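Shown next, in structure tokens, is the structure this report addresses.
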Amino acid sequence: MITLEDVEFYKENGYLLVKGVFNPQEVEEMRNAVERILVKAAATKFDSNAAWQGDYLPPDEMKKLVLKGFHDVHYHDASFTKAAIHPKMVDVLSQIIGPNVQLHHSKMLVKPPENGAAFPMHQDTPYFPHEKHTMLAASVHFDDSDMENGCLCVIPGSHKAGLLDHVGKFYLNHKEYPLSMGTPCPAKAGDVLFFNYLTIHGSDANRSNRTRRNVLFQYRDPMDFPTEETHVNWGQGLMICGENLVYKEYKGAY
Ligand SMILES: O=C(O)CCC(=O)C(=O)O
13 MITLEDVEFY KENGYLLVKG VFNPQEVEEM RNAVERILVK AAATKFDSNA
63 AWQGDYLPPD EMKKLVLKGF HDVHYHDASF TKAAIHPKMV DVLSQIIGPN
113 VQLHHSKMLV KPPENGAAFP MHQDTPYFPH EKHTMLAASV HFDDSDMENG
163 CLCVIPGSHK AGLLDHVGKF YLNHKEYPLS MGTPCPAKAG DVLFFNYLTI
213 HGSDANRSNR TRRNVLFQYR DPMDFPTEET HVNWGQGLMI CGENLVYKEY
263 KGAY
């Protein structure tokens, strides 16, 4: 499904948009699953506003922003498990990470209309650093997204600079790295944006009257070991393709 030029593009630029990975029926199934998770979570103590805090927006604007974010969605609905190991996903992953690929975690994001929260520019590396930097995110789009509803923006080639200093480990100084430095990556529902965890990325607030929903699956080479025991997730390490070359008795946290 992807070409050698696409693989080269990913290596050079640290990201790759792959169109039409999921068909409308698969997208609809995942949208419904997002809705069910939101409803179920609303009845628990885990339903909070996951909007990032900080000084990258004026306090008045920051206060209004809302983000629904939940981890490990493939433990809540099988539509996400199917997506994580979908043959079209495997086709891409086996070429840009492969031949051996493992799921690290999943996370769903819902930016509601008018006030969906922004993500200041950052690398994902500080959240789950690894030795060989094979880790990448596959952002599966459930809605058409553009600058108006807060699509992802990336700085092409920024993964080559290595890990940069983050404010409190969370995001880059927004004066040095404003969102406007990024290349917008508009996408359609069903498209997947793959980006390395060193690639600088962020997204603006959703100021449109449309919701923006996506799920991020983070994948790595199983021989790329964490340098810190952080971000240890439910059932981490599911093999997506190939084999795990080391035998390890895995005991999850749950
Ligand atoms: O999807 C987005 O708008 C940004 C998500 C993001 O940067 C993250 O979760 O690290």
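Going by my numbering, the sequence shown opens with residue 13, and the numbers climb by one from there.
We put the beta carbon where it would ideally sit given N, CA and C, even for glycine.
All values derive from a computational prediction rather than experimental measurement.
- A residue is called buried once 16 or more other Cβ atoms fall within 10 Å of its Cβ, and Thr146 is buried on that count.
- Within a 10 Å sphere around the beta-carbon of Gln37 sit fewer than 16 other beta-carbons, which makes this residue exposed.
- DSSP places Met133 in the uninterrupted beta strand (DSSP E) bounded by Phe131 to His134.
- Residue pairing by DSSP puts His153 in a beta bridge opposite Asn226.
- In this structure the segment 216 to 231 lies against the segment 156 to 163, because at least three pairs of beta carbons, one per stretch, are closer than 8 Å.
- Leaving aside the five residues that flank Gly81 on each side, the residues in its chain whose CB is nearer than 6 Å to its CB run, in chain order, Ala62 and Leu121.
- Ser91 and Glu41 have their C-alpha atoms spaced approximately 7 Å apart.
- Beta-bridge partners of Gly26 (DSSP): none assigned.
- Boundaries of the alpha helix (DSSP H) harbouring Leu50: Pro36 to Ala54, taken from the DSSP string.
- Residue Met101 holds the alpha-carbon nearest to the alpha-carbon of Ser151 among Leu176, Met101 and Tyr139.
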